[in-house]
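**Q** The structure is given below, and queries will be raised subsequently.
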Amino acid sequence: MSSMQPDPSHVRIFDTTLRDGEQSPGISLNTAEKLEIAHQLARLNVDVIEAGFPIASPGDFEAVEAISREVHGPIIAALARAQAPDVEAAARAVRDAERPRIHTFISTSDIHIVHQFRSTREDVLAQARASVAHARSFVEDVEFSPMDATRADLEYTAEVCAAAIEEGATTINIPDTVGYTTPDEYMAYLAGLYRLIPGLKDVIVSTHCHDDLGLAVANSYAGALAGARQIECAINGIGERAGNAALEEIVMLLATRGDVSGLHTTVTTRELARTSRLVSRLTGYVVQPNKAIVGRNAFAHESGIHQDGVIKERTTYEIMDATSVGLDANSLVLGKHSGRAALKQTLAELGFTVEGAALNTAFKRFKEIADKKKQVTAMDLEALVTDDLRNELASYTFDSFEVSAASGEAPQAKVWVTLPDGEVKTATGTGDGPIDSVFAAINAATGVDAQLRVFRVEAVTGGQDALGESSVVLEFEGQSASGQGVATDIIEAAGTAYVRALSNVVRKAQAAGELVDLARTEPLVAP
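Counting in my numbering, the sequence shown runs from 11 upward without gaps.
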């Protein structure tokens, strides 16, 4: 086991929600949203936050830099291809972090080397060595990943990893980039690397497994059993294609079955459910009801036999206590007569630091909701505060609407939308229903012919007076982006979500059109 790891049974949790997770189609987080997630990850007590890919865009660089400056506790990592401009951008982005890390990568599989990068094994080895040495000149903590390692030649990958260790890499990550391997194969691959690289025992070995065959958590667990002491994962399992290993699943697997593995993490498990809700709310990626650990049915029992057993003794059908992952946090916290100080204190207890103008805005929205709802819960407050984060980069604003709908008649909608230049435009529209009519009217008001790809409305809590949370994914000029909105009126929530998605997709389309590729000789891909 690594001499760098004081506790040989401790598995580091490396969260890549803000890097690999944010690469999921339609996700478009702004800096404020990324910061909020990063602060929550720090409360969750993950060991490493991979904050982004700084050279990918100015927005990515800004977010990584902000997280490095403002989030304390975890190591803050930035991703970089094995190229000098990437490494230097990563170094600049994390230079203010308490514990900075540069994570550099290059593929060792021949299918990538030959067909994608048009390179040779010799060149890849030289690039890997040079990039780790370059990164080490900026920071002491350097992680190296041989991308697509599980489809690569074992001996060659070992040679490249050994070179990375010689140049100062402190963590060697073995990615199953396309989710191809099986647990037995992954264990055997790591065993082979340990056999071929004497220096591997002196660094942290990491896993990064994708879920294309539904084996990301199983492969990550197999890697830990084989000696890996860092697992790369994402909240709710989001990420490229079928996603990454789900952080909440691997954490609770080690917590619940530590008797088998002898391994543990230092994650604060009671923060898991709340972290899951935050990431789902800000990304627009819904958590499936039967999702392990954090799905709304994860601790629900429909069968009479199960219900009877749980009533008599919880452990008859539950291997975990719902409170251990924070699923008991929906209690009444405030009423409509509560004051500003009470709201501030309650938000602080929930982990939100809200002051000044932001507190005034939050208090106004709280009063509006409290007048409409009999009970305001912790989950309501979470939804309201995170909803306000989405306004930072919203170039269009949904001001108000009128809708006329009746059976047998085509619905009509009229909307007022503030454009990026401050002009308020009004327009009408019709569609299959009142919400579709509002969307058509927004397109008419903005002059943007966006295509609706996903529309969803869910209740934040139970009850007829529940807040409605809407999520929209739009496509425009080859780009896709999401937007979310929260209100007691689902038409208002849907309209707000639509204009936020519109703001995001227009911004992405403009950025794609203006992008000039400087000094990039390889595609912008990542493990």
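Think of the CB as a built atom: it goes at the ideal place given N, C-alpha and C, for glycine as much as any other residue. A quick note: this is a predicted structure, and the numbers were derived from the prediction, not measured.
Mind checking who residue 237 pairs with in its DSSP beta bridge?
**A** Answer is none; residue 237 lacks a bridge partner.
**Q** Express the C-alpha separation of residue 369 and residue 357 in angstroms, rounding to a whole number.
**A** 10 Å
**Q** Distance, Cα to Cα, residue 135 vs residue 225?
**A** Taking the Cα positions, residue 135 is about 29 Å away from residue 225.
**Q** By how many angstroms is the C-alpha of residue 178 removed from the C-alpha of residue 238?
**A** 18 Å
**Q** Among 20, 298, 283, which one has its Cα closest to the Cα of residue 215?
**A** 20
**Q** Can you tell me which of the three DSSP states residue 527 falls into?
**A** Summary for residue 527: the model assigns pLDDT 42, below 50, so the residue's position carries little reliability, and this model does not support an answer.
**Q** Please name the residue in 394, 388, 431, 220 whose C-alpha comes closest to that of residue 407.
**A** When each option's Cα is compared against that of residue 407, the closest is 431.
**Q** Is the separation between the beta-carbon of residue 277 and that of residue 445 shorter than 7 Å?
**A** no
**Q** Enumerate, from N- to C-terminal direction, the unbroken beta strand (DSSP E) stretches of 3 or more residues contained entirely within the region 198 to 229.
**A** 214 to 219
**Q** Using beta-carbon positions only, say whether residue 439 and residue 451 come within less than 7 Å of one another.
**A** The criterion of a C-beta distance shorter than 7 Å is satisfied by residue 439 and residue 451.
**Q** Would a C-beta distance cut-off of 7 Å place residue 296 and residue 304 closer than the cut-off?
**A** no
**Q** Helix, strand or coil for residue 307? Go by DSSP, reduced to three states.
**A** coil
**Q** Select from 346, 161, 166 the residue whose C-alpha is nearest the C-alpha of residue 138.
**A** 166
**Q** Give me the Cα-Cα distance between residue 283 and residue 206, rounded to the nearest whole angstrom.
**A** 41 Å
**Q** I need the straight-line Cα distance from residue 519 to residue 486, nearest angstrom please.
**A** Going from the Cα of residue 519 to the Cα of residue 486 covers about 7 Å.
**Q** Would you kindly work out how many angstroms separate the C-alpha atoms of residue 146 and residue 110, rounded to a whole number?
**A** 11 Å
**Q** Identify the continuous alpha helix (DSSP H) that holds residue 370 and give its terminal residues.
**A** 366 to 382
**Q** Spatial neighbours of residue 38 within its chain, please: CB distance less than 7 Å, with the 5 preceding and 5 following residues excluded, ordered by chain position.
**A** 491, 492, 514, 518
**Q** Would DSSP call residue 320 helix, strand or coil?
**A** In this predicted model, residue 320 has a pLDDT of only 48, less than 50, meaning its place in the structure is not dependable; the value taken from the coordinates is given anyway. Of the three classes helix, strand and coil, the one that applies to residue 320 here is helix, per DSSP.
**Q** Is it true that the CB of residue 424 sits closer than 7 Å to the CB of residue 412?
**A** yes
**Q** Cutting at 8 Å between CB atoms, please list the residues of its own chain near residue 279, excluding the five before and the five after it.
**A** By the criterion of a C-beta distance shorter than 8 Å, residue 279 is surrounded in its chain by 261, 262, 265, 334, 335, 336, once the five residues flanking it on both sides are discounted.
**Q** Rounded to a whole number of angstroms, what is the C-alpha to C-alpha distance between residue 503 and residue 244?
**A** 28 Å
**Q** Could you check whether the region 120 to 135 touches the region 94 to 111, counting it as contact only if at least three pairs of C-beta atoms, one from each stretch, sit closer than 8 Å?
**A** Flag = no, the region 120 to 135 and the region 94 to 111 do not touch.
**Q** Can you look up residue 419 in the DSSP assignment and give me helix, strand or coil?
**A** strand
**Q** Just to confirm my understanding: we take residue 82, look at its own chain, exclude 5 residues before and 5 after, and list those with CB closer than 7 Å. What are they?
**A** 52, 108
**Q** Residue 389: which of 359, 77, 464 sits nearest, CA to CA?
**A** 359
**Q** Answer with buried or exposed for residue 85, where buried requires no fewer than 16 other C-beta atoms within 10 angstroms of its C-beta.
**A** buried
**Q** Starting from residue 185, trace the beta strand (DSSP E) both ways and give me its first and last residue.
**A** 181 to 186
**Q** Compare the Cα-Cα distances from residue 186 to each of 176, 197, 218 and report the closest residue.
**A** 218
**Q** Could you check how far apart the C-beta atoms of residue 351 and residue 67 are, in whole angstroms? I think they sit under 8 Å.
**A** Contact between residue 351 and residue 67 does not hold, since their C-beta atoms are separated by about 40 Å, which reaches or exceeds 8 Å.
**Q** Can you give me the C-alpha to C-alpha distance between residue 32 and residue 72, rounded to a whole angstrom?
**A** 15 Å
**Q** Determine the closest residue to residue 301 out of 292, 287, 293, with distance taken between C-alpha atoms.
**A** The residue from 292, 287, 293 with its alpha-carbon nearest to that of residue 301 is 287.
**Q** Where does residue 191 land, buried or exposed, given buried means 16+ other C-beta within 10 angstroms?
**A** buried
**Q** Can you check which of these residues, 465, 472, 523, 470, is closest to residue 505 by C-alpha distance?
**A** 465
**Q** Using the C-alpha atoms, what's the distance from residue 70 back to residue 46?
**A** 15 Å
**Q** Check for me: the alpha helix (DSSP H) holding residue 293 runs from which residue to which?
**A** 282 to 293
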